[in-house]
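Numbering (the numbering used here), first residue to last: 595 to 851. All C-beta atoms in this analysis are idealised placements derived from N, C-alpha and C, irrespective of residue type, glycine included.
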């Protein structure tokens, strides 16, 4: 945790400060809290090593009194051409449920996206759990939030660590939406989530601590992330929406340490 805290302090003056940077910093700590100190009881680290992308939602707040709803913000990072992680694209989550639900819950959620199909489902349209992809949902330190757990054939596996009491928790119906205005604020140019995560068309050093902690727990290659002596130039951003197909990634410079 000390390493992560040092990294967060070091990026205080980095571009993209404000609400997007706060979310990135909270996501860094959430990954540490979910996977650090031998807390990875579900083997998420092994899934991360083979993941196509990962989404971190450091705080999803859910409250209900017979009718329910939830909301929160998330970051999505993809695997780059070197086996590391891209800079983040920003998303929001929300739902409204009808049925017997009572209580308040504050949870940290990690989505391990294990296939191109799962990643395309999130990037190509507004993603709705239970409608757009095969989703296996497992619990970490709380109630199982779905009908199946750790399905090896799933495109997306969601792991949640909950604080608080909630009856009737369900992830089906939750919608993920891209926050294009936060992407613009963080990178200083208009970019789609696909351009950031797949084409690796932008890099903000404020996200390096998050990239480093993901490399620590879920790098495609073993060992700590290497230190870049001179960052390679990034590919130029392109406009337009890509068709659904197998995705490829360019490399980003390794996160600064």
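Residue i versus residue j - alpha carbon distance
i: residue 638; j: residue 665; result: 24 Å
i: residue 651; j: residue 675; result: 24 Å
i: residue 617; j: residue 710; result: 25 Å
i: residue 771; j: residue 688; result: 8 Å
i: residue 653; j: residue 782; result: 25 Å
i: residue 629; j: residue 683; result: 22 Å
i: residue 852; j: residue 777; result: Coverage of the chain is limited to positions 595 through 851, which leaves residue 852 absent and any answer about it impossible.
i: residue 670; j: residue 756; result: 20 Å
i: residue 807; j: residue 621; result: 10 Å
i: residue 613; j: residue 644; result: 30 Å
i: residue 775; j: residue 813; result: 29 Å
i: residue 785; j: residue 681; result: 12 Å
i: residue 803; j: residue 720; result: 28 Å
i: residue 619; j: residue 801; result: 8 Å
i: residue 799; j: residue 805; result: 10 Å
i: residue 794; j: residue 809; result: 16 Å
i: residue 677; j: residue 642; result: 11 Å
Residue of the options minimising C-alpha distance to residue i
i: residue 673; options: 707, 640 and 686; result: 707
i: residue 623; options: 703, 641 and 722; result: 703
i: residue 796; options: 752, 679, 755 and 715; result: 679
i: residue 748; options: 769, 768 and 715; result: 715
i: residue 752; options: 799, 681, 668 and 774; result: 668
i: residue 754; options: 614, 625, 620 and 613; result: 625
i: residue 577; options: 685, 615, 812 and 619; result: Absent from the structure is residue 577, since the part of the chain shown begins at 595 and ends at 851.
i: residue 855; options: 627, 619 and 615; result: Not covered by the structure: residue 855. The range shown for the chain is 595 to 851.
i: residue 722; options: 768, 681 and 809; result: 768
i: residue 718; options: 750, 787 and 647; result: 787
i: residue 647; options: 804, 798, 799 and 705; result: 705
i: residue 789; options: 809, 799 and 713; result: 713
i: residue 750; options: 793, 649 and 780; result: 649
i: residue 615; options: 780, 794 and 805; result: 780
According to DSSP, residues forming a beta bridge with residue i
i: residue 721; result: 770
i: residue 641; result: Looking at the DSSP assignment, residue 641 forms no beta bridge with any residue, so it has no partner.
i: residue 653; result: 667
i: residue 787; result: Residue 787 pairs with nothing; no bridge assigned.
i: residue 705; result: 649 and 752
i: residue 559; result: With the chain represented from 595 up to 851, any question about residue 559 goes unanswered, as that position is not in the structure.
i: residue 687; result: 666 and 770
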